[in-house]
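Using the working numbering, the first residue of the sequence shown is number 3, and each one after it goes up by one. Even for Gly, the Cβ is constructed at its ideal location relative to N, Cα and C. Below is one structure, written out as structure tokens; the observations come after it.
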Amino acid sequence: MNIYIDADACTGCELCLPSCPFNAIEMREDKAVILDNCTLCNACLDVCPVDAIHKVEEKVTAPHKPCVIEEYAGVWVFAEQRKGVLQTVTFELLGEGKKLAATLGEELCAVLLGDGIRKEAETLLYYDVDKVYSIDDPTLAVFQDDTYSACMAALARQFKPNIILGGATHIGRSFIPQVAVKLQTGLTADCTGLTIEDSSKHLMQTRPAFGGSIFATIATYHHRPQIATVRHKVMKPAKRQSERRGEIVQLPLPDEAKRCRTRFITSVEELEETVNLAEADIIVSGGRGLGDPKYFSLIQELAKTLGGAVGASRATVDAGWIPYSHQVGQTGKTVCPKLYIACGISGAVQHLVGMQSSDVIVAINKDPQAPIFKVASYGIVGDLHEVIPALIKRFSAR
Ligand SMILES: Cc1cc2nc3c(=O)[nH]c(=O)nc-3n(C[C@H](O)[C@H](O)[C@H](O)COP(=O)(O)OP(=O)(O)OC[C@H]3O[C@@H](n4cnc5c(N)ncnc54)[C@H](O)[C@@H]3O)c2cc1C
């Protein structure tokens with residue numbers, strides 16, 4: 003929808019100017035023109051005595067072609083690699099993808115994009131895939147939304163997969179929505195559960211909604227592929243098989259991936275994060291109960307003693323006590339360590355969704371009613387300023 007003024011008809015009477023509550027009309031060379039801040043409120047439409055103001059319909063997208071669902075088959079996993087290292091989320095998706103493919107009686111395929119990635123393509127063959135679609139080209143050396151989404155969309159148009167899964171990582175969250183738009187299909191972001199509906203064979207995609215207080219199950223009934231991004235550390239990873247299986251299908255860079263609107267200049271690694279939170283086996287997290295940012299030193303010391311990483315609640319991140327990269331929870335990282343120690347964290351649902359699948363949870367909180375105790379394997383009711391130094395002392399002694 004757009005509003006425009008027919009310059010030939012406009013007499014320059016200026017009657018329309020005061021009609022606009024947003025000052026989005028001005029005079030240029032004695033003709034009224036609509037400015038970019040027009041909100042389409044329509045207030046100007048009826049004031050023009052010569053009927054020079056018009057509303058036009060704009061087609062912003064091409065019309066949907068009906069989708070022949072039966073033409074689509076196969077479960078695809080986007081095999082995320084960074085600097086030539088396959089990310090653990092890839093193996094989690096392959097584990098989940100295998101179950102979906104088996105239920106549907108369809109192929110499991112991996113899609114690998116990058117530069118000099120033959121070794122990684124071969125590694126994927128140990129994970130029970132039928133095919134690895136690989137585009138190995140210098141253009142893909144560095145992740146860029148435009149090039150990656152163009153490749154994935156071109157492959158999907160050519161081979162018509164039923165389902166595409168990607169990690170809900172920075173990379174997946176960034177380019178998979180573009181793939182969905184290019185293919186004019188649905189996307190469910192940030193899923194924590196995937197199943198196949200018995201009767202219809204559609205993919206049921208479950209994800210937390212309304213701040214994690216409910217779980218919504220979403221289906222793409224009329225379009226294909228069904229696309230979902232999946233949270234890291236929620237699904238069990240596929241096991242490496244002793245034998246390789248399947249084939250590598252090497253494909254050229256599609257033409258549409260040769261045009262990129264952005265130019266990669268450099269990447270800067272965050273030096274502070276010595277241990278990758280999402281991969282850590284032990285995490286010690288601090289919350290607002292620390293009372294002051296300086297007491298994050300206690301958390302750091304306990305984490306160091308245990309060889310773990312430092313996590314944080316959003317309250318402390320929002321307060322500027324610690325960088326965002328440490329935040330655990332719905333709007334932070336999802337973690338699944340062997341041991342998670344929550345210190346001075348109340349256990350809001352948005353924090354819990356990011357850590358409750360940890361193997362062992364220890365909560366330290368002075369309030370015995372704190373909700374964190376509901377998910378804790380072990381609870382210590384007490385002042386963290388006394389409990390943490392005591393733990394550091396005992397663990398150091400061992
Ligand atoms: C859309 C949305 C997304 C969100 N995403 C996230 C997210 O990703 N991660 C996240 O963490 N939160 C998230 N939140 C915020 C969340 O709702 C909570 O506000 C936040 O987790 C609270 O942080 P906290 O537990 O550190 O602080 P508080 O809730 O203030 O809890 C502090 C706890 O410390 C205890 N305590 C105080 N002093 C001591 C002491 N001396 N010794 C021991 N215990 C003590 C208290 O009893 C209390 O239980 C989100 C909220 C919204 C609305």
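- A distance criterion of 7 Å places the beta-carbon of Gln146 beyond contact range of ligand 1, judged by its closest non-hydrogen atom.
- By the beta-carbon neighbour count (other beta carbons within 10 angstroms, threshold 16), Asn44 is exposed.
- Between the region 344–359 and the region 217–228, the count of C-beta pairs closer than 8 Å stays below three; the two stretches do not touch.
- For Thr187, the CB contacts under 8 Å within the same chain, skipping 5 residues up- and downstream, are Cys69, Thr222, His225, Arg226, Pro227, Gln228, Ile229 in chain order.
- Annotation for Asp148: the continuous alpha helix (DSSP H) segment containing it runs 147–161.
- In this structure, the C-beta of Gly291 approaches ligand 1 to less than 7 Å from one of its heavy atoms.
- Exclusion of Gln89 from the 7 Å shell around ligand 1 follows from its C-beta lying no nearer than that to any non-hydrogen atom of the ligand.
- Distance from the Cα of Ala365 is smallest, within the candidate group Glu109, Leu341, Ile216, for Leu341.
- Under the rule that a run must span 3 or more residues, the beta strand (DSSP E) segments found entirely inside the region 226–273 read 228–232, 249–252.
- Looking at Glu94, Ala81, Asn367, the one whose alpha-carbon comes closest to that of Ile119 is Ala81.
- Counting only runs of 3+ residues, the beta strand (DSSP E) found wholly inside the region 8–84 occupies 27–30, 33–36, 55–58, 77–80, in chain order.
- In the DSSP assignment, Phe397 falls within the unbroken alpha helix (DSSP H) covering 386–399.
- A distance criterion of 7 Å places the beta-carbon of Ser327 beyond contact range of ligand 1, judged by its closest non-hydrogen atom.
- Here the distance from the Cβ of Val330 to the nearest heavy atom of ligand 1 is below 7 Å.
- Looking from the CA of Asp132, the closest CA among Gly248, Asp138, Asp139, Glu73 belongs to Gly248.
- With a cutoff of 8 Å on beta-carbon distance, Ala311 and Ala305 are scored as near each other.
- Bridge partners of Gln329 according to DSSP: Ala314.
- Scanning Val49, Ile394, Phe145, Lys162 for the CA closest to the CA of Leu110 turns up Lys162.
- Burial is judged here by how many other beta carbons sit within 10 angstroms of a residue's own beta carbon; Ala191 has at least 16 and is buried.
- Secondary structure remark: continuous alpha helix (DSSP H) runs of at least 4 residues inside the region 346–379, in chain order: 351–354, 374–377.
- Counting along the chain, Ala123 sits inside the alpha helix (DSSP H) bounded by residues 120–126.
- For His387 and Asp283, the gap between their C-alpha atoms comes out near 24 Å.
- Spatial neighbours of Leu19 in its own chain (CB-CB distance under 8 Å, excluding positions within 5 residues in sequence) are listed in chain order as Ile27, Glu28, Met29, Ala34.
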